[in-house]
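Taken in sequence, the protein lines are chains A and B. Numbering-wise (the numbering used here), the first sequence opens with residue 1 and increments by one. Numbering-wise (the numbering used here), the second sequence opens with residue 199 and increments by one.
There are 2 protein chains.
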Amino acid sequence: MSKAFDNLKNALKKIPGMGTKSAERMASFLALENRSHARDVADAIISALERVTPCPKCFGLSEDGKLCNICSDASRSEKSICVVEKSSDIDAIEKSGAWTGKYHVLGGKLSPLRKIGPDKLNLEQLSERIESGCVEEIILALSNDIEGEATCHYIQERLVGTRAVKLTRIGFGLPSGSQLGFADAGTIKNAIDSRKTF
Amino acid sequence: MSKAFDNLKNALKKIPGMGTKSAERMASFLALENRSHARDVADAIISALERVTPCPKCFGLSEDGKLCNICSDASRSEKSICVVEKSSDIDAIEKSGAWTGKYHVLGGKLSPLRKIGPDKLNLEQLSERIESGCVEEIILALSNDIEGEATCHYIQERLVGTRAVKLTRIGFGLPSGSQLGFADAGTIKNAIDSRKTF
């Protein structure tokens with residue numbers, strides 16, 4: 001029995017997605033099996049705390065309060081903004097190579113149940129970017145669920161309104177490489193609703 | 199994009215059992231969502247590194263090089279030693295309240311495939327405890343698998359030998375609260391082999 005070990009276990013257990021067993025296994029690994037790596041993890045956390053800041057423009061990941069490398073990339077069009085929930089969504093879209101414009105991270109989606117109102121999201125800042133006048137297209141890359149839907153409607157009604165901005169939402173349907181037999185009813189409904197002339 | 203964030207993600211990914219997605223989610227939580235808890239985690243790791251040490255007698259968890267609280271508990275019999283693989287096994291047995299003797303942590307089990315020989319385990323120290331003369335019973339609480347079996351045989355042949363020590367192995371069979379229909383063939387075989395007069 002060690003108090004320091006129990007403290008570590010409890011601190012790890014408070015991280016979302018960590019169960020009791022995983023926290024125990026991880027604490028064991030860090031405190032007993034690989035002490036030099038444990039030091040690296042602690043250093044990485046502290047350095048991330050000191051350096052990682054949200055980009056002041058798009059709220060994606062950046063460092064030391066500076067613009068992120070996408071916002072400061074002059075070769076990427078300022079005219080198109082892709083709106084996402086989390087900064088990790090930017091990585092996923094960048095990996096696909098399908099977007100060459102800028103981004104805007106909301107920091108979540110509207111959810112009355114979880115008490116997330118418009119003031120908790122970076123909506124005001126999106127509104128400012130739209131009002132600045134150079135934005136021509138906004139693509140909403142939010143979740144395909146009720147909360148994502150509500151957030152899209154909010155942006156359409158309150159932020160874009162009658163402004164001359166083209167507003168789109170990413171397509172929904174059968175995922176790439178998947179078979180119809182494995183798709184759930186909602187996905188099949190989305191896929192049929194968004195059918196295109198072949 | 200942030201280098202400090204990527205470093206944190208990569209450091210977390212190297213922890214066994216952490217997938218890319220979990221590491222990403224955890225890095226996000228620590229670096230962006232709950233910075234005060236991230237500081238607690240880093241402090242807990244460093245304090246565990248500074249304080250947690252194996253007990254010099256049983257190799258269970260202890261602090262600052264001292265005997266663990268089980269080894270230093272005079273009310274627990276020195277005559278009976280329960281041999282386990284990992285220090286977390288001690289917690290599991292303690293929770294059951296079924297053991298009032300001492301423990302000995304091997305630090306794993308013999309595994310030729312994973313190149314874990316007798317020299318990698320705390321077997322020499324177990325032998326010394328047996329030779330000290332006050333041990334009367336050893337219960338082997340090792341895994342119910344081939345490697346656990348091999349480790350039991352090694353202890354029986356090399357460590358206990360012809361000494362006047364009662365050597366037992368924990369019982370195997372149907373887990374408490376479970377139904378026969380959900381048990382695998384190996385468990386049912388164990389349960390039938392270890393049947394008792396009712």
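Glycine included, every Cβ here is placed at the ideal spot set by N, Cα and C.
Considering only residues of the same chain and omitting the five flanking positions on each side of residue i, which have a CB-CB separation below 6 Å?
i                 : result
Ala191 of chain A : Gly173 and Leu174
Ala122 of chain A : Note that residue 122 of chain A corresponds to Asn in the displayed sequence, not to Ala. Closer than 6 Å at Cβ, skipping near neighbours: Phe59, Leu106 and Gly107.
Ser111 of chain A : Glu147
Leu259 of chain B : Ser285
Trp99 of chain A  : Cys82 and Ile93
Phe380 of chain B : none
Thr168 of chain A : Ile139
According to DSSP, what are the bridge partners of residue i?
i                 : result
Val282 of chain B : B:Val303
Leu61 of chain A  : A:Pro54
Lys364 of chain B : B:Glu335
Ile116 of chain A : A:Ser111
Ser275 of chain B : B:Gly299
Would residue i pass as a contact of residue j if the rule is Cβ separation under 9 Å?
i                 : j                 : result
Ile328 of chain B : Arg274 of chain B : no
Lys79 of chain A  : Val135 of chain A : yes
Val250 of chain B : Leu12 of chain A  : no
Ile268 of chain B : Met1 of chain A   : yes
Lys318 of chain B : Thr349 of chain B : no
Ile353 of chain B : Val281 of chain B : yes
Asn10 of chain A  : Ala242 of chain B : yes
Among the options, whose alpha-carbon lies nearest the alpha-carbon of residue i?
i                 : options                                   : result
Leu30 of chain A  : B:Glu248, B:Arg237, B:Pro310 and B:Leu340 : B:Glu248
Ser270 of chain B : B:Asp262, B:Ile279, B:Lys255 and B:Val282 : B:Lys255
Asn342 of chain B : B:Thr385, B:His302, B:Gly315 and B:Arg312 : B:Thr385
Ala272 of chain B : B:Ser226, B:Gly369, B:Lys300 and B:Tyr352 : B:Lys300
Asp89 of chain A  : A:Phe5, A:Ala23 and A:Leu140              : A:Leu140
Leu126 of chain A : A:Leu67, A:His104 and A:Phe182            : A:His104
Cys253 of chain B : B:Ser294, B:Ser245, B:Gly263 and B:Phe203 : B:Gly263
Phe203 of chain B : A:Thr168, A:Asp91, A:Arg158 and A:Phe182  : A:Asp91
Lys201 of chain B : A:Glu63, A:Thr20, A:Lys21 and A:Asp193    : A:Glu63
Ala48 of chain A  : B:Gly375, B:Ser234 and B:Leu378           : B:Ser234
Glu157 of chain A : A:Lys21, A:Pro118 and A:Leu180            : A:Pro118
Tell me, to the nearest whole angstrom, how far the beta carbon of residue i is from that of residue j; I am working on the premise that it is less than 8 Å.
i                 : j                 : result
Arg223 of chain B : Gly17 of chain A  : 6 Å
Glu335 of chain B : Val358 of chain B : Rounded, the Cβ-Cβ distance is 11 Å, inconsistent with contact.
Gly177 of chain A : Ser194 of chain A : Rounded, the Cβ-Cβ distance is 18 Å, inconsistent with contact.
Who are the near neighbours of residue i in its chain, counting only those whose CB is closer than 8 Å to its CB and skipping five residues on each side?
i                 : result
Leu206 of chain B : Ala225, Leu228 and Ala229
Leu67 of chain A  : Cys55, Pro56 and Lys57
Lys387 of chain B : none
Phe198 of chain A : none
Thr218 of chain B : Lys211
Note down, in chain order, each residue of its chain lying with its Cβ closer than 7 Å to the Cβ of residue i, except the 5 sequence neighbours on either side.
i                 : result
Glu283 of chain B : Leu304, Gly306, Lys307, Leu340 and Ser341
Ala38 of chain A  : Leu30 and Ala31
Leu113 of chain A : none
Ile15 of chain A  : none
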